[in-house]
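Written out below as structure tokens is the structure these notes cover.
Protein chains: 2
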Amino acid sequence: MPKGVPLTVPDDGLTTRQRRNAPVLGVHTGDGKGKSTAAFGMAMRAWNAGMDVAVFQFVKSAKWRVGEETALRALGEVHVTTGAGGPVSWFKMGSGWSWLRANDSDGDDHAEAARAGWREIARRLAEQEHDFYVLDEFTYPLDWGWVDVDEVVETLRGRPGRQHVIITGRRAPAQLIEAADLVTEMVKVRHPMDAGRKGQKGIEW
Amino acid sequence: MPKGVPLTVPDDGLTTRQRRNAPVLGVHTGDGKGKSTAAFGMAMRAWNAGMDVAVFQFVKSAKWRVGEETALRALGEVHVTTGAGGPVSWFKMGSGWSWLRANDSDGDDHAEAARAGWREIARRLAEQEHDFYVLDEFTYPLDWGWVDVDEVVETLRGRPGRQHVIITGRRAPAQLIEAADLVTEMVKVRHPMDAGRKGQKGIEW
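Now the structure itself:
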């Protein structure tokens, strides 16, 4: 898509440059495909812009997102060896929350694991550790009441510097949508599983 | 998303394995963000699965998709140097249709350039040159009548082997949607440009 021209110029006291450089809070929601995939595509762009990219995967799954993880980690390795792009970090919920000490194990308590993930993200945001955050499937612990939506929105609104955050998942809470700059709803029109197909490597994961 | 369980098992005479391995024709359409970005995210997955990935960009743009192109080309280079993943090819319309001979220049005739691109894609599909094709913004030359929709649909339906094709862009023609296995509509809920922001590197391109 070509670089857009704003429809209106807001009366917000900011210069064009200040608005342009404003950090983005994005939400990809809806029942269709592509919510996470588009977020990882954005992470590729952010990598290319030299940003420090961090992915946090909520919701345990047998398949996780091995394709995207392997590809983005490979890009992180390209950064380490050649200096191109930016660094990439990838954290999976539970045992993958690698900052936890061994005796902090969150075991099978998924609600506590989700809260531990959010606490760490909030700490990193406060310390501006990364430039581009993907909070993959983070809407679910919000929807299930495991993590407090109002606290998340307050932390995101008040985050310092220029940190971009993309949150994916179905049923994004209204307060989060209200706070976001960029909201896209992915709507399912047709899906192979409707025709009795199962997922396949390289397409579904 | 976890690997899904089909809702119904169709009476199509295929085994589960045959259905699972069926090549996918995907369409990302709608006015929202993420159509191309999700396609490039899928390309990362395909790369990780060792597929031969080819991107064809229709519609000239000052910015193209430099972030995604650089990142996917870097992954292609990882394949060349380490054997991980698969090869990546990237073609831009016009001068970027590198298979054209110098005296075949399609100059400023965008309709002819689009047709030349489609002819080449049809040839590659017939010869099974790649495993995963992204036809980025290909809906526009279809919508504008530059490339014949019925011929495209017939070629895609009859493509041999196991070649996945993802087509992006607004206003996907009805015949294409009808022929597709996977159709997602990206719906704009809110976009920073609504608030008078211009695009920024690493986010918009």
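Residue numbers (UniProt numbering), protein chains in the order written: chain A, 1 to 205; chain B, 1 to 205. Built from N, CA and C at the ideal position, the CB exists for glycine as well.
Using 8 angstroms as the threshold, is the C-beta distance between residue 45 of chain B and residue 57 of chain B below it? It is not a contact, given that the beta carbons lie outside the stated cut-off.
Start and end of the alpha helix (DSSP H) containing residue 149 of chain B? It spans 149 to 157 - the alpha helix (DSSP H) in which residue 149 of chain B sits, taken as one unbroken run.
Taking just the CA atoms, how far does residue 24 of chain A sit from residue 181 of chain A? Cα atoms of residue 181 of chain A and residue 24 of chain A: separation of roughly 6 angstroms, rounded to the nearest angstrom.
Using a Cβ-Cβ cut-off of 8 angstroms, state whether residue 157 of chain A counts as contacting chain B. Taking Cβ atoms only, chain B never reaches closer than 8 angstroms to residue 157 of chain A, which makes this a no.
Counting contacts by CB-CB distance shorter than 8 angstroms, is residue 167 of chain A in contact with chain B? No, its Cβ sits nowhere closer than 8 angstroms to a Cβ of chain B.
DSSP on residue 123 of chain A, reduced to helix/strand/coil? In the structure shown, residue 123 of chain A adopts helical secondary structure according to DSSP, grouped into three states.
Output the boundary residues of the alpha helix (DSSP H) element that contains residue 78 of chain A. Looking at the DSSP string, the run of the alpha helix (DSSP H) that includes residue 78 of chain A is 66 to 82.
What residues are listed by DSSP as bridge partners for residue 188 of chain A? B:184, per the DSSP bridge assignment.
Thinking just about the alpha-carbon of each residue, which of A:189, A:183, A:29 is nearest to the one in residue 177 of chain B? Of A:189, A:183, A:29, the residue nearest in Cα terms is A:189.
So is residue 71 of chain A in contact with chain B if we call contact Cβ pairs under 8 angstroms? Yes, its Cβ sits closer than 8 angstroms to a Cβ of chain B.
Beta-carbon separation (whole angstroms), residue 134 of chain A vs residue 55 of chain A, contact threshold 8 angstroms: Confirmed, Cβ separation roughly 4 angstroms.
In three-state DSSP terms, what is residue 144 of chain B? Coil at residue 144 of chain B, not helix or strand.
Cβ closer than 7 angstroms: which chain B residues qualify as neighbours of residue 120 of chain A? Taking a Cβ-Cβ cut-off of 7 angstroms, residue 120 of chain A has no neighbours in chain B, whose nearest Cβ is about 23 angstroms from it.
When the distance is taken between beta carbons, is residue 73 of chain A closer than 8 angstroms to residue 88 of chain A? Going by beta carbons, residue 88 of chain A and residue 73 of chain A fall inside the 8 angstroms limit.
Can you grab the Cα-Cα spacing for the pair residue 186 of chain B / residue 124 of chain A, in whole Å? Straight-line Cα distance between these residues: approximately 31 angstroms.
Given this structure, state the Cα-to-Cα distance separating residue 147 of chain B from residue 113 of chain B, to the nearest angstrom. Rounded to the nearest whole angstrom, the CA to CA distance from residue 147 of chain B to residue 113 of chain B is 10 angstroms.
Taking 8 angstroms as the CB-CB cut-off, is residue 130 of chain A touching chain D? Absent from the structure: chain D. Protein chains present are A and B.
Give the interface partners of residue 75 of chain B over in chain A, defined as CB-CB distance under 8 angstroms, in chain order. What residue 75 of chain B touches in chain A: 71, 74, 75.
In the DSSP assignment, what are the bridge partners of residue 90 of chain A? Answer by DSSP bridge pairing, in chain order: A:55.
Can you tell me whether residue 69 of chain B is buried or exposed? The criterion is at least 16 other CB atoms within 10 Å of its CB, across all chains shown. A residue is called buried once 16 or more other Cβ atoms fall within 10 Å of its Cβ, and residue 69 of chain B is buried on that count.
Does residue 131 of chain A pass the burial test, meaning 16 or more other C-beta atoms within 10 Å, or should it be called exposed? The residue is buried, with at least 16 neighbouring Cβ atoms inside 10 Å.
Interface flag, residue 40 of chain A vs chain B, CB-CB below 8 angstroms: Judged by the 8 angstroms Cβ criterion, residue 40 of chain A is in contact with chain B.
Since residue 144 of chain A contacts residue 116 of chain A with CB under 8 angstroms, what's their CB separation in whole angstroms? Going by Cβ atoms, the distance from residue 144 of chain A to residue 116 of chain A rounds to 15 angstroms, so no, they are not a contact pair.
Might you give, ordered along the chain, the residues of its own chain that have their beta carbon closer than 8 angstroms to the beta carbon of residue 149 of chain A, omitting 5 neighbours on each side? Annotation for residue 149 of chain A: 142, 173, 175, 176 place their beta carbon closer than 8 angstroms to its own, counting only its chain and skipping 5 residues before and after.
Residue 111 of chain B versus residue 93 of chain B - alpha carbon distance: Taking the straight line from one Cα to the other gives about 10 angstroms.
Return helix, strand or coil for residue 41 of chain A, following the three-state DSSP convention. The answer is helix: DSSP assigns residue 41 of chain A an H, G or I state.
List the residues of chain B that residue 90 of chain A touches, going by C-beta distances under 9 angstroms, in chain order. The contact set of residue 90 of chain A on chain B, defined by CB atoms closer than 9 angstroms, is empty, because the minimum CB distance reaches about 13 angstroms.
Would the C-beta of residue 173 of chain B count as close to the ligand ADP, meaning under 7 angstroms from any of its heavy atoms? Looking for the ligand ADP in the displayed structure turns up nothing, as the structure carries no ligands at all.
Closer than 8 angstroms, CB to CB, is residue 47 of chain A near chain B or not? Residue contact check for residue 47 of chain A against chain B: a CB pair falls below 8 angstroms.
In angstroms, rounded to a whole number, what distance separates the CA positions of residue 30 of chain B and residue 170 of chain B? Between the C-alpha atoms of residue 30 of chain B and residue 170 of chain B there is a straight-line separation of about 5 angstroms.
Can you list the residues of chain A that residue 67 of chain B reaches, using a CB-CB cut of under 7 angstroms? Close to residue 67 of chain B, with beta-carbon spacing below 7 angstroms, are these residues of chain A in chain order: 44, 45, 48, 49.
Please report whether the beta-carbon of residue 24 of chain B lies at a distance below 8 angstroms from any beta-carbon of chain A. Taking a beta-carbon distance threshold of 8 angstroms, residue 24 of chain B counts as an interface residue toward chain A.
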